[in-house]
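Counting from 1, position 396 in the sequence shown corresponds to residue 766 in the working numbering; the numbering is continuous, with no gaps.
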Amino acid sequence: MSHTYSIEETASRIRMADSVHKKVSWRLMPFLLLCYVMLYLDRINISFAQGPMQTDLGLSSTAYGIGITIFFAGYLPFEIPSNLLMRRFGARKTMARIMILWGVMSAAMMLVRNTGEFYLFRFLLGAFEAGFYPGLVLYLTYWYPPQRRARVLSFLVAATALAGLIGGPLSGWIISGLDQVKGLAGWRWMFLLQGLPTVLCGIAALWLLPDGPRTAAWLSRAEQDVVIAGLGHDVQGSTHTKFMREVLRPKVWVLCFAWFTLMCGAYVLSFWVPAIIRSFGVSGAFALGLWTGVPYGIGVIGMILVGYHSDLRFERRWHFAFCSLAGAAALAVTPALGGNVMLATLVLGLAVAMLFGGSPIFWAMGSSFFSSAAAPVGLALVNSVGLTAGLLAPLFVGWLKDRTGSFETGLHVIAALLVVGGVLIPVAIRKRDVN
Numbered sequence: 371m372s373h374t375y376s377i378e379e380t381a382s383r384i385r386m387a388d389s390v391h392k393k394v395s396w397r398l399m400p401f402l403l404l405c406y407v408m409l410y411l412d413r414i415n416i417s418f419a420q421g422p423m424q425t426d427l428g429l430s431s432t433a434y435g436i437g438i439t440i441f442f443a444g445y446l447p448f449e450i451p452s453n454l455l456m457r458r459f460g461a462r463k464t465m466a467r468i469m470i471l472w473g474v475m476s477a478a479m480m481l482v483r484n485t486g487e488f489y490l491f492r493f494l495l496g497a498f499e500a501g502f503y504p505g506l507v508l509y510l511t512y513w514y515p516p517q518r519r520a521r522v523l524s525f526l527v528a529a530t531a532l533a534g535l536i537g538g539p540l541s542g543w544i545i546s547g548l549d550q551v552k553g554l555a556g557w558r559w560m561f562l563l564q565g566l567p568t569v570l571c572g573i574a575a576l577w578l579l580p581d582g583p584r585t586a587a588w589l590s591r592a593e594q595d596v597v598i599a600g601l602g603h604d605v606q607g608s609t610h611t612k613f614m615r616e617v618l619r620p621k622v623w624v625l626c627f628a629w630f631t632l633m634c635g636a637y638v639l640s641f642w643v644p645a646i647i648r649s650f651g652v653s654g655a656f657a658l659g660l661w662t663g664v665p666y667g668i669g670v671i672g673m674i675l676v677g678y679h680s681d682l683r684f685e686r687r688w689h690f691a692f693c694s695l696a697g698a699a700a701l702a703v704t705p706a707l708g709g710n711v712m713l714a715t716l717v718l719g720l721a722v723a724m725l726f727g728g729s730p731i732f733w734a735m736g737s738s739f740f741s742s743a744a745a746p747v748g749l750a751l752v753n754s755v756g757l758t759a760g761l762l763a764p765l766f767v768g769w770l771k772d773r774t775g776s777f778e779t780g781l782h783v784i785a786a787l788l789v790v791g792g793v794l795i796p797v798a799i800r801k802r803d804v805n
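This is the structure we're talking about:
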């Protein structure tokens, strides 16, 4: 009888945990999804403004690439401090501060008049946005145990593709439809109209985001206990020595490199997809926006399916490797398909699905790597080192485009990096390290 009771009790606890986490998801995820859509839209809308901005400001492809790079030069130094401040001041105030400041700066991009101001504003935008994504990953570790994170993160990271799906047509419509309204270029209206909603999201975060389960008034005490109990070892602390060992162990640097390679591919897609599609012969801001939405539409579906399957199997390493290798293959063949716009765009959709879909799997894997004491620094460190891809990849591809007149060489180099990163994870990281 006791054995039967134990099984029933276990089943009851599982049902209770499922119910509580479903409640948590319904309360948190819609707003976090909206915030992440705004984050990514504010980050990539410059790619839709590239053509008219280059014309109005006299920017070369290399100068545009430098502007993309300078964003990350501002972002990286403030990444770890931002996560440490989140631990001190709480998620609510930290997320609100980040969103309000980056929204104001994104809207201020409408004021850019020359190359120097373009560089300065991009640097400040990066500095103000620093810490949002690793802070978001850290925040989700307060609510979800490791076996639930890939699915949750995949829905969240689907916002990147959703931003591209919505942002392409929306940005194209604003740029073409509002051009010279009140004497302002369409791209200036785009920055203003897409930056201000982020400020509103930041203000709303002060009321909508609890700092953790214990401050969530919409959870009963018993439900709070269920959430915290499910985190298990994740809530345990560590000594200073263990902390340093956790953050600086060799496998952390493997994670850093793998994240770097994935981000090389993801940022090339984020900032160069409109230009790549334009090179296929598509012209006009609105038409370009519509075509750009196609790869991101495919990406939304693909990354959710990949995250769901990873959680279903509770497997991370090989799913990450598959995403990297499939994304590399898609990038490598895209230049050869330029004569067929539809086929090339569909293959770009596969690249978006795989490279963006690899992100939640990576962070489900990476967030299991650290105790709660080491997580703020560990996650920010991995993200910071990996995001040096944002400093290098867009600039590198732009530089090669100026010199060769084609995206082919740049995409092939990025594809080769993805292969190395994809193979490295299952070779260097063991299953016990991440499960």
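We put the CB at the ideal spot given by N, CA and C, even for glycine.
**Q.** Uninterrupted alpha helix (DSSP H) stretches inside the stretch 519–580 (no shorter than 4 residues)
**A.** Runs found: 556–578.
(Q) So within the stretch 725–763, which uninterrupted beta strand (DSSP E) runs reach at least 3 residues, ignoring any that extend past its ends? (A) Listed in chain order, nothing qualifies, since the stretch 725–763 has no complete beta strand (DSSP E) run of 3 or more residues.
Q. What span of residues does the alpha helix (DSSP H) with Trp513 cover, start to end?
A. Taken as a continuous stretch (DSSP letters only), Trp513 belongs to no alpha helix (DSSP H), as it is neither H nor E.
(Q) For Ile436 and Gly534, what's the separation of their Cα atoms in angstroms? (A) Taking the straight line from one Cα to the other gives about 22 Å.
Q.
Rounded to whole angstroms, what is the Cα-Cα separation between Val752 and Gly556?
A. So the alpha carbons of these two residues sit roughly 37 Å apart.
**Q.** Buried or exposed (CB count within 10 angstroms, at least 16 for buried), Phe363
**A.** For the chain, the structure presents residues 371 to 805; residue 363 sits outside this window and is missing.
Q. Rounded to the nearest angstrom, how far is the Cβ of Val717 from that of Thr704, given a contact under 8 Å?
A. Yes, they are in contact, since the Cβ atoms of Val717 and Thr704 sit about 5 Å apart, within 8 Å.
Q | Contacting residues, own chain, Cβ-Cβ under 6 Å from Glu487 (five flanking each side not counted) | A | Result list for Glu487: empty, nothing under 6 Å.
Q.
Among Phe732, Gly473 and Leu429, whose alpha-carbon lies nearest the alpha-carbon of Leu625?
A. Among Phe732, Gly473 and Leu429, the Cα nearest to that of Leu625 belongs to Phe732.
Q. For Gly775, which residues from the same chain have a beta carbon less than 7 Å from its beta carbon, with the 5 sequence-adjacent residues on both sides left out?
A. Within its own chain, no residue has a Cβ closer than 7 Å to the Cβ of Gly775 once the five positions on either side in sequence are excluded.
Q) Can you list the alpha helix (DSSP H) stretches of 4 or more residues lying completely in the stretch 668–706, in chain order? A) For the stretch 668–706, whole alpha helix (DSSP H) runs of length 4 or above, ordered along the chain, are 687–703.
Q.
Can you give me the C-alpha to C-alpha distance between Val638 and Gln424, rounded to a whole angstrom?
A. C-alpha separation (whole angstroms): 18 Å.
Q.
So, with DSSP's three-state summary, where would you put Leu589?
A. In the structure shown, Leu589 sits in coil (DSSP, three-state: anything other than H, G, I, E or B).
Q. Whose C-beta lies closer than 6 Å to the C-beta of Met456 among residues of the same chain, with five residues either side of it excluded?
A. The residues are Thr464 and Gly505.
Q: Determine the DSSP secondary structure at Gln627, reduced to helix, strand or coil.
A: It is worth fixing the name first, because residue 627 is Phe in this sequence and not Gln. DSSP, read as helix, strand or coil, puts Phe627 in helix.
Q. In chain order, what residues of the same chain have a beta carbon less than 7 Å from the beta carbon of Ala528, not counting five sequence neighbours either side?
A. Excluding residues up to 5 positions away in sequence, Val670, Met673 and Ile674 lie with their Cβ nearer than 7 Å to the Cβ of Ala528 in the same chain.
**Q.** Sequence ranges, alpha helix (DSSP H) only - wholly within the stretch 450–516, length at least 4
**A.** Correct list: 461–478, 485–499 and 502–511.
Q) Since Ile784 is in the alpha helix (DSSP H), which residue starts that stretch and which ends it? A) Glu778 to Ala798 is the extent of the alpha helix (DSSP H) around Ile784.
Q.
Which residue marks the beginning of the alpha helix (DSSP H) containing Ser431, and which one marks its end?
A. Membership of Ser431 in the alpha helix (DSSP H) is indicated by the continuous run Ser431 to Tyr445.
Q | Beta-carbon contacts of Tyr509 that lie in its chain and below 7 Å, excluding the five residues immediately before and after | A | Cβ-Cβ distances below 7 Å link Tyr509 to Ala461 in the same chain, with the five nearest sequence neighbours on each side left out; the list follows chain order.
Q) When you compare only the Cα positions, how much space is there between Arg802 and Ser541? A) Taking C-alpha positions only, Arg802 is separated from Ser541 by approximately 45 Å.
(Q) If the criterion is Cβ atoms closer than 8 Å, does the pair Thr779 and Leu770 meet it? (A) Going by beta carbons, Thr779 and Leu770 fall inside the 8 Å limit.
Q. My guess is that Asp341 and Arg521 are in contact by the Cβ rule of under 8 Å, so how many angstroms apart are they, rounded?
A. No information on residue 341 is available, as it lies outside the stretch 371 to 805 that the chain covers here.
Q. Around the C-beta of Ala706, are 16 or more other C-beta atoms found within 10 angstroms, so that it is buried, or is it exposed?
A. Exposed.
Q.
Pop quiz: Leu566 and Ala477 are said to be a contact at Cβ under 8 Å. What is the actual Cβ separation, rounded to whole angstroms?
A. About 5 Å separates the beta carbon of Leu566 from that of Ala477, a gap short enough to meet the 8 Å contact definition.
Q) Could you give the distance in angstroms between the alpha-carbon of Met408 and the alpha-carbon of Pro620? A) Going from the Cα of Met408 to the Cα of Pro620 covers about 35 Å.
Q) Looking at the structure shown, is Gly421 part of a helix, part of a strand, or coil, going by DSSP? A) Collapsing the DSSP output to three states places Gly421 in a helix.
Q. Within 10 angstroms of its Cβ, does Thr585 collect 16 or more other Cβ (buried), or is it exposed?
A. Residue environment analysis places Thr585 among the exposed positions, since fewer than 16 neighbouring C-beta atoms fall within 10 angstroms of its C-beta.
Q: Just the C-alpha distance for Ser608 and Gln550, rounded to the nearest angstrom, thanks.
A: Because the pLDDT at Ser608 is just 46, under 50, the model does not fix this residue reliably, and the point stays unresolved.
Q) Should Arg518 and Ser737 be called a contact, given that it needs their Cβ atoms to be closer than 8 Å? A) No, the Cβ-Cβ distance between Arg518 and Ser737 is not below 8 Å.
Q: Would you decide whether Ala497 is buried or exposed? Buried here means 16 or more other CB atoms lie within 10 Å of its CB.
A: The residue in question, Ala497, is buried, as its Cβ has 16 or more Cβ neighbours within 10 Å.
Q: With distances taken Cα to Cα, identify the nearest neighbour of Phe692 among Gly651, Trp661 and Gly727.
A: Looking at the Cα atoms, Gly727 is the closest of the given residues.
Q. Around the C-beta of Met712, are 16 or more other C-beta atoms found within 10 angstroms, so that it is buried, or is it exposed?
A. The C-beta of Met712 has fewer than 16 other C-beta atoms within 10 Å across all chains shown, which makes the residue exposed.
Q.
the ligand COA and Ala702: does any heavy atom of the ligand fall closer than 7 Å to the residue's C-beta?
A. The ligand COA is not part of this structure, which contains no ligands at all.
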